[in-house]
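Novice:
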Amino acid sequence: MKHKTFFWFMIPSLLAMLLFIAMPIVSVLIQSVYAPHEQVIVEVENCGPFGCETSTAVDQDATRELREAEPLGRFVGNDIYTDRNHLATSQVGAAWSSSTGIGDFISKLLNLPFYGALLFTLTYTAVVTPMALLFGFVIALAVNTLPKLLKGPMIFFSLLPMIVTPLIGALILFWMIDARGVLGSFIQWIANDPDLSLKASTPLTWAMLMVYGIWSSAPFAFVVYYAGLQTVPDDTLESAMIDGATPFERIRYVVLPHLLPLTTFMALIKIMDNFRVFEPIVSFNAAAHAQSLSYFIFNDLGGETQLLSSSAATSVLTIIGVSILLSPVLVRTWRDYGKS
Amino acid sequence: MAVVQNKKYSFALMLTWAFLVVWLLVAAFPFLWTLWGSFKVEGDFFSKADWARALTGELTQVETGGVFTGAGYEGAWIKEEFWKAALNTLIMSVCVVTVSLTLGTLGGYALSRSTYRYAFWLLLIALIFRAMPPITLVSGYLLPFYEWNLWGHLPTAIIVLVAINQPFTLWMLTSFFKNIPKDLDESAMVDGCTPFQAFRHVIIPVMWPGVITTGLFSFLLAYNDFAVTAMLLSKENQTMVPKIASFLGTTQTKGNVMFAVSSVVSVTAPLFVLVLFFQRQIVSGLTAGAVKG
């Protein structure tokens, strides 16, 4: 296809991405190095019969004028990145020098909001991705043994946790796990502790969020693995059987290697999706115990006073995080392309 | 020997099926439970005394006189004007699907037919864009949108969702168009068609299976979105998902939880129907990128 034709076909799509994805990234970058103007303070001298005293007051007009003249705020360089709510360099330094050991240092580090959110996001991604793939694989193997008539309905019900709106899927689970809900009562009965509430403890909240994550992303892995299973060559399976391989060995040595490329593909998609974990924290009302990077940004944007600079700085750090996670894949894709 | 093996296998098969029954319960039971519970009063759905009351509905009978009550639906749809949010969601999803498919088919077709290196780079950049959490972009939108008075309107959210959707749409449609033989449009151009005419008369008639599948996923993205719609829409223009989130903020008042429960069921119902009718397309869309590699 000629350059010119290509250009005309691409232009609407390119324009949309340029204006609403590329430009906002630039906008986020700029905002993250500006802070809102402080109020203009003037000193006023009040003279009365007992002498003069000076007091300070906010000059409303001057403040408004300044804010209108420079809506971005004042340039602060990397101050926002290094403040307590983000990278907290000075706090980290202090914690490092005052810590008794590495464990002590880490627990101090996790009290800082950004590092706490980063740790939760990474843990969530690292736990949910492999668990969901494994679970999806087992379901796919199991469904594959079913008679044809049952496969359709099975796939229908299996798709539901994935298709449903994340906020809503998480809410449905949350209501069931509530201390007054059906699963909550069941767990209390198992644990033999009528006052047990999953919402009150940090480890249980984390576990709950991850269970939701696996519940909602296993169906994707299931569907892809199931489709992959249909393409496993029959003769290889048969010859393995003739050679005396048990069903387990057939899975280990024939099916698994065949499905490996699918696994890499899904791991990539799931890492991208899990890294942005956000809605379940809103649904589970879990912000007190677990914050993800996305939730951290949302929280800054949604408060009474919108902390645009702070959310912009977190956004930039999140984008950097995503790029680091993706870099192996990008490098590989680039190399593969170079070969062909 | 054969008998022993048979026994071993049938035991394994039993185990497999037991596992599937458990999974079926895990996947479907929460939805059925919530559907059933949405017709009860709060005291039954969240029962302090006995969880089974959500099934029998004792308090519902005391409070309303029947075992089922539509009070939650009435309160949400009429009193809290959930119908407005539903209408907004409908408008938004239809627009997002139409616009993003229009842009995506044009772009995807071009990407699939170009042999130059920049087509590959564009797809790679799209992959990076796809990986970015939408909420990171939202903080970039707010300030310019306030400045230009774009904030809060439905069209703004639509165009933003279209843009966020583009990387995925492009990837999906490019792989679909690559499956349509090049000879088709090339022979049309040999016969004297311009590239646009070839696209219009040769490609458009055969592209619908791929477009429908991609459209389903665009629809899901718009319908399920919370981050963008919650931050970019004003209260009057809210769509269903942020509206439900706002019910949660006011759950202290008795009965409001049931508003949220009934609206959750209302939002899930269309998705059920969607999966029922388009199961094949959804499955093929999910596997399209993967199985081919």
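Going down the list, the protein sequences come from chains V and C. Everything in the first sequence is counted per the numbering used here, starting at 40 for the first residue and increasing by one. Everything in the second sequence is counted per the numbering used here, starting at 349 for the first residue and increasing by one. The C-beta atom is built at its ideal place from N, Cα and C for all residues, glycine as well.
(1) By the criterion of Cβ-Cβ separation under 9 Å, what are the contact partners of D197/V in chain C?
(2) Counting only Cβ-Cβ distances shorter than 7 Å, please list the residues of the region 217-239 of chain V near chain C, keeping chain order.
(3) Around the Cβ of V351/C, are there at least 16 other Cβ atoms within 10 angstroms (buried) or fewer (exposed)?
(4) With a threshold of 7 Å on Cβ separation, who are the neighbours of T577/C within its own chain once the five nearest residues in sequence on each side are excluded?
(5) Kindly identify the DSSP beta-bridge partner or partners of L4/V.
(6) Using beta carbons (cut-off 8 Å, strictly below), is Y421/C in contact with chain V?
(7) By the three-class DSSP mapping on this structure, what secondary structure does C443/C have?
(8) Got a sec, what are the start and stop residues for the beta strand (DSSP E) I80/V sits in?
(9) Kindly indicate which three-state DSSP category S349/V falls into: helix, strand or coil?
(10) Using a Cβ-Cβ cut-off of 8 Å, state whether K396/C counts as contacting chain V.
(11) Can you confirm whether P481/C, when its beta carbon is compared against all beta carbons of chain V, has any partner nearer than 8 Å?
(12) In the DSSP assignment, what are the bridge partners of R113/V?
(13) Alpha carbon to alpha carbon, how far is F595/C from L368/C? Give it in angstroms, no decimals.
(14) With H, G and I counted as helix, E and B as strand and the rest as coil, what does DSSP make of E428/C?
(15) In terms of residue numbering, what span does the beta strand (DSSP E) encompassing T162/V cover?
(16) Going by other Cβ atoms of all chains shown within 10 Å of its Cβ, with 16 needed for buried, is Q269/V buried or exposed?
(17) Got a sec, what are the start and stop residues for the alpha helix (DSSP H) S255/V sits in?
(18) Is S224/V helix, strand or coil by DSSP?
(19) Strictly under 8 Å for the Cβ-Cβ distance: is S462/C near chain V by that measure?
(20) Quick check: the region 151-158 of chain V against the region 324-341 of chain V, are there 3 or more CB pairs under 8 Å?
(21) State the CB to CB distance for the pair V368/V and L301/V, rounded to an integer number of angstroms; the pair is presumed to be in contact (CB under 8 Å).
(22) Is S462/C helix, strand or coil when you go by DSSP?
(23) Is M480/C closer than 8 Å to E340/V when the C-beta atoms are compared?
(24) Which residues in chain V have a C-beta closer than 9 Å to the C-beta of Q545/C? List them in chain order.
(25) Enumerate in chain order the residues of its own chain whose CB-to-CB distance from L276/V is below 7 Å, with the five nearest sequence positions on each side excluded.
(26) Would you mind telling me which residues of chain C sit closer than 8 Å to Q345/V, beta carbon to beta carbon, in chain order?
(27) Which term fits K396/C, buried or exposed, when burial requires 16 or more other beta carbons within 10 angstroms of its beta carbon?
(28) With respect to the beta strand (DSSP E) encompassing T93/V, which residues constitute its N-terminal and C-terminal limits?
(29) Between T616/C and chain V, is there a C-beta pair that is closer than 8 Å?
(30) Scan the region 313-338 of chain V and note each continuous alpha helix (DSSP H) run of 4 residues or more that stays entirely inside, going in chain order.
(31) Are the CB atoms of L380/C and D392/C nearer to each other than 8 Å?
(32) At which residues does the alpha helix (DSSP H) containing W135/V begin and terminate?
(33) Could you pull the start and end residues of the alpha helix (DSSP H) that T121/V belongs to?
(34) Taking just the CA atoms, how far does T561/C sit from V538/C?
(35) Output the boundary residues of the alpha helix (DSSP H) element that contains H42/V.
(36) One question on the structure: do G452/C and V67/V come within less than 8 Å of each other, judged by their Cβ atoms?
Specialist: In short, the structure shows the following:
(1) Before going further, note that residue 197/V is Ser rather than Asp in the sequence given. What S197/V touches in chain C: W371, L372, A375 and A376.
(2) D217, R219, G220, V221 and S224
(3) Caution applies to V351/C, whose pLDDT of 46 falls short of 50 and renders its modelled position unreliable; the value that the coordinates give is listed next. The residue in question, V351/C, is exposed, as its Cβ has fewer than 16 Cβ neighbours within 10 Å.
(4) Apart from sequence neighbours up to five positions away, the residues of its chain that approach T577/C with a beta-carbon distance below 7 Å are A505, T587, V589 and P590, ordered along the chain.
(5) No information on residue 4/V is available, as it lies outside the stretch 40 to 379 that chain V covers here.
(6) no
(7) helix
(8) I80 to G87
(9) Annotated three-state conformation of S349/V is helix, per DSSP.
(10) yes
(11) yes
(12) A74/V
(13) 36 Å
(14) Here E428/C sits in coil by DSSP.
(15) Premise fails: T162/V lies in the alpha helix (DSSP H), P152 to N183, not in any beta strand (DSSP E).
(16) exposed
(17) Element bounds for S255/V: T241 to L268.
(18) DSSP, reduced to helix, strand and coil, places S224/V within a helical segment of the structure shown.
(19) yes
(20) As far as the Cβ criterion goes, the region 151-158 of chain V touches the region 324-341 of chain V, which means the pair count is three or higher.
(21) So it is not a contact: roughly 15 Å between Cβ atoms.
(22) coil
(23) Here residue 340/V is Leu; the residue named in the question, Glu, does not match the sequence. Cβ distance not < 8 Å, so L340/V and M480/C don't count as in contact.
(24) What Q545/C touches in chain V: nothing, since even the nearest Cβ is about 12 Å away.
(25) R289 and V293
(26) L490
(27) exposed
(28) G90 to V97
(29) yes
(30) 318-322
(31) no
(32) T128 to S137
(33) D118 to T121
(34) 31 Å
(35) H42 to M56
(36) no
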